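In UniProt numbering, the protein residues as written are 1 to 139.
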């Protein structure tokens, strides 16, 4: 598991036998810290459910100091499709619960598009179709 955006990884054993994981579910509710992992011990075994309670790890509410701004970018270019987007997100080192009142904060501002914002497709003359959907052959 990683709690810091993959900077550090820790190995945990939740079962005595290795589990082939088919999926992970978050319990309903905005503040839940319980995850359910479901899978099989072997390809022929019945479903196995493992509930993990993270309340002992995330035992405090987030404060303003736990957040940072993050700029959406494409290879360092902050303008994507004519818009700059800035998000407010948790710092990778923050271990806290966001709470019920948390909502994703995003600000945006228009910016000039560049050639990189457009996908260019080259079409050969022989693949051009007529307006009515029938393929035409070049004469």
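We treat Cβ as the ideally placed atom computed from N, Cα and C, and that holds for glycine.
Note that the coordinates shown come from a computational prediction; the quantities given were computed from them, not determined experimentally.
Original post:
For the putative contact between residue 34 and residue 50, defined by C-beta atoms under 8 Å, what is the C-beta separation to the nearest angstrom?
Top reply: Rounded, the Cβ-Cβ distance is 11 Å, inconsistent with contact.
Original post:
In whole angstroms, what is the alpha-carbon distance linking residue 81 and residue 108?
Top reply: Straight across, the Cα-Cα distance linking residue 81 with residue 108 is about 12 Å.
Subject >> Pairwise C-alpha distance: residue 79 and residue 24 >> reply: 34 Å
**OP:** Would you kindly work out how many angstroms separate the C-alpha atoms of residue 19 and residue 114, rounded to a whole number?
**Re:** 48 Å
Original post:
Does DSSP classify residue 136 as helix, strand or coil?
Top reply: Per-residue confidence for residue 136 stands at a pLDDT of 49, beneath the threshold of 50, marking its modelled position as unreliable; no derived number is given.
Original post:
residue 52 and residue 14 look like a contact to me (Cβ under 8 Å); what is the Cβ gap, rounded to whole Å?
Top reply: About 6 Å; that satisfies the 8 Å criterion.
Original post:
When DSSP labels each residue in this structure, what does residue 22 get in the three-state scheme?
Top reply: strand
Subject >> Proximity of residue 84 and residue 69 at Cβ, strictly below 9 Å >> reply: Residue 69 sits away from residue 84, with the two beta carbons spaced by 9 Å or more.
Original post:
For residue 72, which of 64, 86, 65, 66 has the nearest alpha-carbon?
Top reply: 86
**OP:** Tell me whether the beta-carbon of residue 98 lies closer than 9 Å to the beta-carbon of residue 62.
**Re:** yes
**OP:** Classify residue 46 as helix, strand or coil using the three-state DSSP reduction.
**Re:** coil
Subject >> Span separating the alpha-carbon of residue 1 from that of residue 21 >> reply: So the alpha carbons of these two residues sit roughly 14 Å apart.
Subject >> Helix, strand or coil at residue 27 according to DSSP, with G and I counted as helix >> reply: coil
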